[in-house]
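Chemist: Residue numbers for the sequence shown follow the working numbering, so the first one is 11 and each next one is one higher. Where a beta carbon is used, it is the ideal one built from N, C-alpha and C, also for glycine.
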Amino acid sequence: MIKFKKNKQIIPGIILAVMIMLMTGCASTSVERVAVDKTIDLSGRWNDTDSRLVSQEMIKDVMNRGWIRTHRQKNNGENPSVIVGTIRNRSDEHINTQTFVKDLERALVNSGEVDLVADSRQRREVRAERRDQASHASEATAKEEGQEMGADFMLQGTINTITDRVDGEQVKYYQVNLELIQIETQRKVWLGEKKIKKVVKQKKFWL
Numbered sequence: 011m012i013k014f015k016k017n018k019q020i021i022p023g024i025i026l027a028v029m030i031m032l033m034t035g036c037a038s039t040s041v042e043r044v045a046v047d048k049t050i051d052l053s054g055r056w057n058d059t060d061s062r063l064v065s066q067e068m069i070k071d072v073m074n075r076g077w078i079r080t081h082r083q084k085n086n087g088e089n090p091s092v093i094v095g096t097i098r099n100r101s102d103e104h105i106n107t108q109t110f111v112k113d114l115e116r117a118l119v120n121s122g123e124v125d126l127v128a129d130s131r132q133r134r135e136v137r138a139e140r141r142d143q144a145s146h147a148s149e150a151t152a153k154e155e156g157q158e159m160g161a162d163f164m165l166q167g168t169i170n171t172i173t174d175r176v177d178g179e180q181v182k183y184y185q186v187n188l189e190l191i192q193i194e195t196q197r198k199v200w201l202g203e204k205k206i207k208k209v210v211k212q213k214k215f216w217l
């Protein structure tokens with residue numbers, strides 16, 4: 011038989027174990043469908059809303075500068091052709107830069123002011139398809155080599171972060187820098203910058 015004094019030591023441990031079991035065992039999963047453009051910040055990290063809003067604002071800014079007008083004046087009114095190059099993630103967190111690149115490309119195309127050129131990976135795949143057509147497609151439908159559109163400008167950039175933490179609270183600062191470079195001369199015709207600052211507070215739970 012267990013003595014009373016030993017029970018006094020065991021009972022608190024049992025109560026704690028039961029509480030933990032109840033807290034973990036009662037957890038449930040809830041799923042809610044929301045609009046894809048709804049802003050949802052759970053962790054404070056870079057998310058789809060940041061990618062979409064930054065790309066839209068920066069493309070709006072670059073479209074309102076004089077490089078397009080200058081290009082058209084020198085090229086019989088033709089739209090400039092643009093390729094989106096490398097967007098480097100120099101932040102302290104994982105960011106899917108390809109999603110950001112696609113947001114930039116979408117904003118460029120939707121502007122109607124430029125012609126968007128396929129990136130290097132896409133060009134390699136398309137060239138392989140043309141080579142395959144040269145061997146297997148009919149002469150009337152096979153696409154010719156040497157007809158690609160050369161890009162006039164390349165858009166490049168970086169995503170940087172600075173994080174400040176203290177006692178369960180942190181400030182996350184994002185800075186996105188984009189540069190538009192004229193390919194023939196390597197002249198930078200536009201420099202864009204967008205900053206985002208978030209305050210993230212972690213709630214503490216006490217038993």
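Tell me the DSSP bridge mates of lysine 204?
Modeler: Val186.
Chemist: Can you say whether lysine 84 is buried or exposed, counting buried as having 16 or more other CB atoms within 10 angstroms of its CB?
Modeler: So lysine 84 ends up on the exposed side.
Chemist: In whole angstroms, what is the alpha-carbon distance linking lysine 5 and glutamate 67?
Modeler: Coverage of the chain is limited to positions 11 through 217, which leaves residue 5 absent and any answer about it impossible.
Chemist: Please state whether the Cβ-Cβ distance between leucine 114 and valine 94 is less than 7 Å.
Modeler: A contact, by the Cβ cut-off of 7 Å.
Chemist: At which residues does the alpha helix (DSSP H) containing arginine 141 begin and terminate?
Modeler: Taken as a continuous stretch (DSSP letters only), the alpha helix (DSSP H) holding arginine 141 covers 130 to 146.
Chemist: Does DSSP put phenylalanine 14 in a helix, a strand or coil?
Modeler: Caution applies to phenylalanine 14, whose pLDDT of 48 falls short of 50 and renders its modelled position unreliable; the value that the coordinates give is listed next. The answer is helix: DSSP assigns phenylalanine 14 an H, G or I state.
Chemist: What residues match up with lysine 197 in a beta bridge as DSSP calls it?
Modeler: Note on identity: in this sequence residue 197 is arginine, with lysine being the wrong assignment. Paired residues: Gln192.
Chemist: Find out if the Cβ-Cβ distance for the pair lysine 153, arginine 141 is shorter than 7 Å.
Modeler: Against a cut-off of 7 Å, the Cβ pair of arginine 141 and lysine 153 comes out as no contact.
Chemist: Can you name the residues that DSSP bridges to glutamate 179?
Modeler: Per DSSP, Val176, Lys211.
Chemist: For the alpha helix (DSSP H) that threonine 59 lies in, which residues bound it at each end?
Modeler: Its alpha helix (DSSP H) spans residues 58 to 73.
Chemist: Helix, strand or coil for valine 124, going by three-state DSSP, please let me know.
Modeler: The answer is coil: DSSP assigns valine 124 none of H, G, I, E or B.
Chemist: Helix, strand or coil: which one does DSSP assign to isoleucine 97?
Modeler: Strand at isoleucine 97.
Chemist: What residue from Ser65, Val176, Ile97, Thr171 has the CA that sits closest to serine 121's CA?
Modeler: Among Ser65, Val176, Ile97, Thr171, the Cα nearest to that of serine 121 is on Ser65.
Chemist: Please work out which residues of its chain come closer than 6 Å, Cβ to Cβ, to lysine 211, disregarding the five sequence neighbours upstream and downstream, and give them in chain order.
Modeler: Answer for lysine 211: Glu179, listed in chain order.
Chemist: Using the rule of at least 16 other Cβ atoms within 10 Å of the residue's Cβ for burial, across every protein chain shown, is aspartate 162 buried or exposed?
Modeler: Per the 10 Å Cβ criterion, buried.
Chemist: Buried or exposed: which applies to alanine 150, given that a residue is buried once 16 or more other Cβ atoms fall within 10 Å of its Cβ?
Modeler: Alanine 150 comes out exposed.
Chemist: Let me check one thing: in DSSP terms, what residues is glutamine 166 bridge-paired to?
Modeler: Answer by DSSP bridge pairing, in chain order: Glu189.
Chemist: Should alanine 117 be labelled buried (16 or more other beta-carbon atoms within 10 Å of its own) or exposed?
Modeler: Its Cβ being crowded by 16 or more others within 10 Å, alanine 117 is buried.
Chemist: Assuming glutamine 83 is part of the alpha helix (DSSP H), what are its boundary residues?
Modeler: Note, glutamine 83: alpha helix (DSSP H), 77 to 84.
Chemist: Less than 7 Å separating the beta-carbons of glycine 167 and isoleucine 97?
Modeler: In contact: glycine 167 and isoleucine 97 (Cβ atoms closer than 7 Å).
Chemist: With DSSP as the reference, label threonine 151 as helix, strand or coil.
Modeler: In the structure shown, threonine 151 sits in coil (DSSP, three-state: anything other than H, G, I, E or B).
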